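**Student:**
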Amino acid sequence: MLTLNDTVSLQDAITSYHYSQSLTEYIRRKTITVKIGDIPLGSEYPIRVQSMTTVDTMNTEGSIEQVIRMVESGCEYVRITAPSVKEAQNLENIRKGLRARGYTVPLIADIHFTPNAAELAARIVEKVRINPGNYADKKRFELIDYTEDEYQRELDRIREKFIPLLKICKEYGTAMRIGTNHGSLSDRIMSRYGDSPLGMVESALEFLRICEEFNYYDVVLSMKSSNPLVMVEAYRLLVNRLDAEGLKPYPLHLGVTEAGEGEDGRIKSAVGIGTLLEDGLGDTVRVSLTEDPEFEAPVAVALIGRYTNRAVETTPIRPITASPIHPFQYSRRKTKEVFNFGGGNVPRVIADLSAIEVTQYEDLRSVGHFYLPVPDKWKMNDIGVDFIYTGARPSTFMLPMGLKEIVDYEVWKTATNQEHQFPLFTLAEFEQATERSTTLNFIKIDAATQLTQEQIAGVPVVLLLQTDNAHAMPALRRFMVDLIDKGMDCPVVIQRTYSTENSDELSLFAATDCGGLLVDGLGDGIMLSAQYAAEVDNEERLKYAKQQNSIAFGILQAGRTRMSKTEYISCPSCGRTLFDLQETTALIRKRTDHLKGVKIGIMGCIVNGPGEMADADYGYVGIGKDKIALYRGQQVVKKSVVANNAVDELINIIKEDGKWFEPEAIEL
1 MLTLNDTVSL QDAITSYHYS QSLTEYIRRK TITVKIGDIP LGSEYPIRVQ SMTTVDTMNT
61 EGSIEQVIRM VESGCEYVRI TAPSVKEAQN LENIRKGLRA RGYTVPLIAD IHFTPNAAEL
121 AARIVEKVRI NPGNYADKKR FELIDYTEDE YQRELDRIRE KFIPLLKICK EYGTAMRIGT
181 NHGSLSDRIM SRYGDSPLGM VESALEFLRI CEEFNYYDVV LSMKSSNPLV MVEAYRLLVN
241 RLDAEGLKPY PLHLGVTEAG EGEDGRIKSA VGIGTLLEDG LGDTVRVSLT EDPEFEAPVA
301 VALIGRYTNR AVETTPIRPI TASPIHPFQY SRRKTKEVFN FGGGNVPRVI ADLSAIEVTQ
361 YEDLRSVGHF YLPVPDKWKM NDIGVDFIYT GARPSTFMLP MGLKEIVDYE VWKTATNQEH
421 QFPLFTLAEF EQATERSTTL NFIKIDAATQ LTQEQIAGVP VVLLLQTDNA HAMPALRRFM
481 VDLIDKGMDC PVVIQRTYST ENSDELSLFA ATDCGGLLVD GLGDGIMLSA QYAAEVDNEE
541 RLKYAKQQNS IAFGILQAGR TRMSKTEYIS CPSCGRTLFD LQETTALIRK RTDHLKGVKI
601 GIMGCIVNGP GEMADADYGY VGIGKDKIAL YRGQQVVKKS VVANNAVDEL INIIKEDGKW
661 FEPEAIEL
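Residue numbers for the sequence shown follow full-length UniProt numbering, beginning at 1 and rising by one.
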């Protein structure tokens, strides 16, 4: 067993960076099989889809109807909250009602704080989920300096509380998920390991080691966080630690907790879940959206579907035998500054308008720049693009200050305003060119190219990196690893092209392909391009460009590399929720979505309270009927606020901190 002292560091705990069988070939991680009802889980079976009910567990008929809708939408497992013994008892009525209507979907009891409810539920349903952070502990946000003896006594106390559930699960053939949440690590774990992926992993391993001691192996593991970077690092480290300790390769349940709603929730989920799926990790997926649960399953199905035939669709990629990228701790690839790319600059967004006629001011509204005729000036919103690429059809008017234009090299050669436009070369054009920009040059390059420093030496260059490989993210990563190995520090913009026929899945695919690189500190910008059918007119293309621009900024925000929007960390609701989450989230968003970079947690109950919104600046938490607690970070500042006044009181707290400003009224 791994022994860690009070001054443990991440490096001390890691024997190698291993977590994936291959960083360039899609190979799903081999796991043991866990029996969950009649739908087994593990690498010998398809990646499963699940979600969680939002109806009060005591509402038997309502729960049954919602479970049926979830199954019809693609759920293979359904989780139901059991916060106390009475809800755990009612799981039997829900289960019987479903079976009577011909539905045999395995049910999972979600447990927090209540071992007695877990022990009862384990006799009824196919699986129980426990959170090691609060199954045997109560969180008081206290830092405690434990001696080794004191820490061992704490482990003995956990063991005493956990063994009865373990024995019941073994007797009844009930599976278990040991599900660590970043925001609800116990005071004991926080005191020793800090708020870290290592602490998340160790929290689960404390319970898992007891399971193995009793030869109980029907275990699934998860490492959830509302921060995709933390989530990815924790899952990777978990796999590393399982191997290092000689523990069994248990299946993984993937999820970004409290992802939020709409496009942002889908992007954040895809950055976390998609990155791990790309590396062959994950056996079941739950997408947590602040929407009805039947809308979650199709998103999970779309994410998983990309990997059904991935192994046969992929063009072979040169293996990475030794990666210079630290998979358990974020660091950005070091690059030199070229114009406003690389160095200490945030990643830039380039809008591809090369297939669009940019002939009037209004055309730039789609990418966040709009002209106000009354004051006769340009304005830019929070997701105003940094560059536009117009290819062979440059804009016909002078662009607003701050917005730069990229054109094809052949166009740039004859341009009269070369100081306001920058050329995009193919590699062959660049090597043969006698004239280049002295400020900024872009080179379009395929990820399979083995570039050398000599080819671009002495010229201010940004690479526009693209690939047609179905296994796109690893192909792009392979190229960037080459740059690191060769000591090449030119900035790189990630460029991906998607068909407009897949517009509903664009955010998921782009967030996986680009976000997976950003999580590893790779990429100094994003350009999303479209394949348009001939019949798509200019107006529709501008609408698509607007969607792409929003997605690009959303990916950068989810990857924590460029904060351009207010961020909402909102739970997906469940039977514990004490108010209408969707309505409340929409109201808070309406009042606060101009507060760029502020993170607001919106939690339906105290279980998903200050811990689960650990990444938030402010919190709105249901604590009783019509009662809200308001938080600054993880500290409650106002208790029992009447719900009708709670949003105003939340805004008052933001104002007290000097982070509030009134939204700008713009006359269009």
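Every residue gets a Cβ at the ideal spot worked out from N, C-alpha and C, and that includes glycine.
Computed from a predicted structure; not experimentally measured.
What would DSSP say about Arg562, mapped onto helix, strand or coil?
**Tutor:** Here residue 562 is taken as the residue at index 562 of the sequence shown, counted from 1. In the structure shown, Arg562 sits in coil (DSSP, three-state: anything other than H, G, I, E or B).
**Student:** Identify, in the order they occur along the chain, each residue of the same chain with its Cβ nearer than 7 Å to the Cβ of Leu440, setting aside the five sequence neighbours on each side.
**Tutor:** In the sequence shown, residue 440 corresponds to position 440, counting from 1. If we look at Leu440 and ignore the five residues flanking it on each side, its Cβ neighbours are Val338, Phe339, Phe422, Pro460 and Val462.
**Student:** Does the segment 216 to 225 come within contact of the segment 253 to 265, defined as at least 3 CB pairs closer than 8 Å?
**Tutor:** They touch, by the three-pair rule.
**Student:** Rounding to the nearest angstrom, what Cα-Cα distance links His471 and Arg310 in this structure?
**Tutor:** Walking along the sequence shown from the start, residue 471 turns up at place 471. Walking along the sequence shown from the start, residue 310 turns up at place 310. Their Cα atoms are separated by approximately 7 Å.
**Student:** In the DSSP output, what is Leu426 paired with across the bridge?
**Tutor:** Taking the sequence shown and counting its residues from 1, the one referred to as residue 426 is at position 426. Per the sequence presented here, residue 426 reads as Thr, with Leu not at that position. Thr426 pairs with Lys444.
**Student:** Does the Cβ-Cβ distance between Arg266 and Ser507 come in under 7 Å?
**Tutor:** Taking the sequence shown and counting its residues from 1, one reaches residue 266 at position 266. Taking the sequence shown and counting its residues from 1, one reaches residue 507 at position 507. Yes, the Cβ-Cβ distance between Arg266 and Ser507 is below 7 Å.
**Student:** To the nearest angstrom, how far is it from the Cα of Thr414 to the Cα of His420?
**Tutor:** As a position in the sequence shown, residue 414 is number 414, starting the count at 1. As a position in the sequence shown, residue 420 is number 420, starting the count at 1. Taking the straight line joining both Cα atoms gives about 13 Å.
**Student:** Pick out whichever of Ala204, Gly173 and Glu261 has its Cα sitting closest to the Cα of Ile36.
**Tutor:** Indexing the sequence shown from 1 puts residue 36 at position 36. Residue Gly173 is the option with its Cα nearest to Ile36.
**Student:** Is Asp110 helix, strand or coil when you go by DSSP?
**Tutor:** What you label residue 110 is simply residue 110 of the sequence shown in a count that begins at 1. Asp110: strand per DSSP, three-state reduction.
**Student:** Please report how far the alpha carbon of Ser203 lies from the alpha carbon of Asp38, in whole angstroms.
**Tutor:** As a first step, residue 203 is located in the sequence shown; it is residue number 203 there, counting from the start. As a first step, residue 38 is located in the sequence shown; it is residue number 38 there, counting from the start. So the two alpha carbons sit approximately 30 Å from each other.
**Student:** By Cβ distance below 7 Å, which residues in the same chain neighbour Glu410 in space, the five residues on each side in sequence not counted?
**Tutor:** Against the sequence shown, residue 410 aligns to sequence position 410. So no residue of the chain qualifies.
**Student:** Closer than 7 Å, CB to CB, is Ile130 near chain E or not?
**Tutor:** Looking for chain E here will not work: only one protein chain is present.
**Student:** Return the residue from the list Val637, Asn59, Gly458 and Asp537 that minimises the CA-CA distance to Ile80.
**Tutor:** As a working note, residue 80 is residue 80 in the sequence shown. Here the closest residue by C-alpha is Asn59.
**Student:** Which of the three DSSP states is assigned to Ile356 in this structure?
**Tutor:** In the sequence shown, the residue the question calls residue 356 occupies position 356. Note: Ile356 maps to coil in three-state DSSP.
**Student:** Grab me the residues of Asn227's own chain with a C-beta within less than 6 Å of its C-beta, minus the 5 sequence neighbours each way, in chain order.
**Tutor:** To locate residue 227, count along the sequence shown from 1; it is residue 227. Answer for Asn227: Asp615, listed in chain order.
**Student:** If you run the structure through DSSP and keep just helix, strand and coil, what is Arg541?
**Tutor:** Residue mapping note: residue 541 aligns to position 541 of the sequence shown, counting from 1. Arg541: helix per DSSP, three-state reduction.
**Student:** Any idea if Lys543 is buried or exposed, counting beta-carbon neighbours within 10 angstroms, 16 or more meaning buried?
**Tutor:** In the sequence shown, residue 543 corresponds to position 543, counting from 1. So Lys543 counts as exposed.
**Student:** Just checking my contact of Val642 with Asp626 at CB under 8 Å: how many whole Å lie between their CB atoms?
**Tutor:** The residue you call residue 642 lines up with position 642 of the sequence shown. The residue you call residue 626 lines up with position 626 of the sequence shown. Correct: roughly 6 Å between the Cβ atoms.
**Student:** Could you name the residues that DSSP lists as bridge partners for Asp408?
**Tutor:** Here residue 408 corresponds to residue number 408 of the sequence shown, with the count starting at 1. Per DSSP, Leu424.
**Student:** Going by the DSSP bridge assignment, what does Phe370 pair with across the sheet?
**Tutor:** Position 370 of the sequence shown holds residue 370. DSSP output for Phe370 lists Lys379 as bridge partner(s).
**Student:** Between the segment 192 to 203 and the segment 481 to 495, do at least 3 Cβ pairs fall closer than 8 Å?
**Tutor:** No, the segment 192 to 203 is not in contact with the segment 481 to 495.
**Student:** Excluding sequence positions up to five away, which residues of its chain have a Cβ less than 7 Å from the Cβ of Lys599?
**Tutor:** Sequence index remark: in the sequence shown, residue 599 carries index 599 (1-based). The answer, listed in chain order, is Glu567, Ile569, Asp615, Ala616 and Asp617.
**Student:** Helix, strand or coil for Ala175? Go by DSSP, reduced to three states.
**Tutor:** In the sequence shown, the residue the question calls residue 175 occupies position 175. Correct three-state label for Ala175: strand.
**Student:** Pro373: buried (16+ other C-beta within 10 angstroms of its C-beta) or exposed?
**Tutor:** Here residue 373 refers to the residue found at position 373 of the sequence shown. Pro373 comes out exposed.
**Student:** Between Asp446 and Val105, what straight-line distance do the alpha-carbon atoms span, to the nearest angstrom?
**Tutor:** Working through the sequence shown from its first residue, we reach residue 446 at position 446. Working through the sequence shown from its first residue, we reach residue 105 at position 105. The straight-line gap from Cα to Cα measures roughly 46 Å.
**Student:** May I ask you to verify whether the segment 581 to 592 touches the segment 543 to 563, counting CB pairs closer than 8 Å and requiring at least 3?
**Tutor:** Flag = no, the segment 581 to 592 and the segment 543 to 563 do not touch.
**Student:** Could you have a look at Gly619 and say whether DSSP puts it in helix, strand or coil?
**Tutor:** Counted from its first residue, the sequence shown places residue 619 at position 619. Here Gly619 sits in strand by DSSP.
**Student:** Val219 bridges to which residues according to DSSP?
**Tutor:** Counted from its first residue, the sequence shown places residue 219 at position 219. DSSP, once it has assigned bridges, lists Met176 as partnering Val219.
**Student:** If you follow the alpha helix (DSSP H) that Leu238 is part of, which residue opens it and which one closes it?
**Tutor:** Here residue 238 corresponds to residue number 238 of the sequence shown, with the count starting at 1. Pro228 to Glu245 is the extent of the alpha helix (DSSP H) around Leu238.
**Student:** Counting pairs of beta carbons, one from the segment 289 to 304 and one from the segment 60 to 73, are three or more of them closer than 8 Å?
**Tutor:** Contact holds: three or more Cβ-Cβ distances are below 8 Å.
**Student:** Could you compute how far the alpha carbon of Glu656 sits from the alpha carbon of Thr335?
**Tutor:** One-based indexing of the sequence shown puts residue 656 at position 656. One-based indexing of the sequence shown puts residue 335 at position 335. Cα to Cα, Glu656 sits roughly 39 Å from Thr335.
**Student:** Gly74 and Ala259: beta carbons closer than 7 Å?
**Tutor:** Stepping through the sequence shown from its first residue, residue 74 is reached at position 74. Stepping through the sequence shown from its first residue, residue 259 is reached at position 259. In this structure, Ala259 does not lie closer than 7 Å to Gly74 by Cβ.
**Student:** Using C-beta distances below 7 Å, list every residue in its chain close to Val232, excluding the 5 sequence neighbours before and after it, in chain order.
**Tutor:** Residue 232 sits at position 232 when you count from the first residue of the sequence shown. The residues are Gly272, Thr275, Leu276 and Val519.
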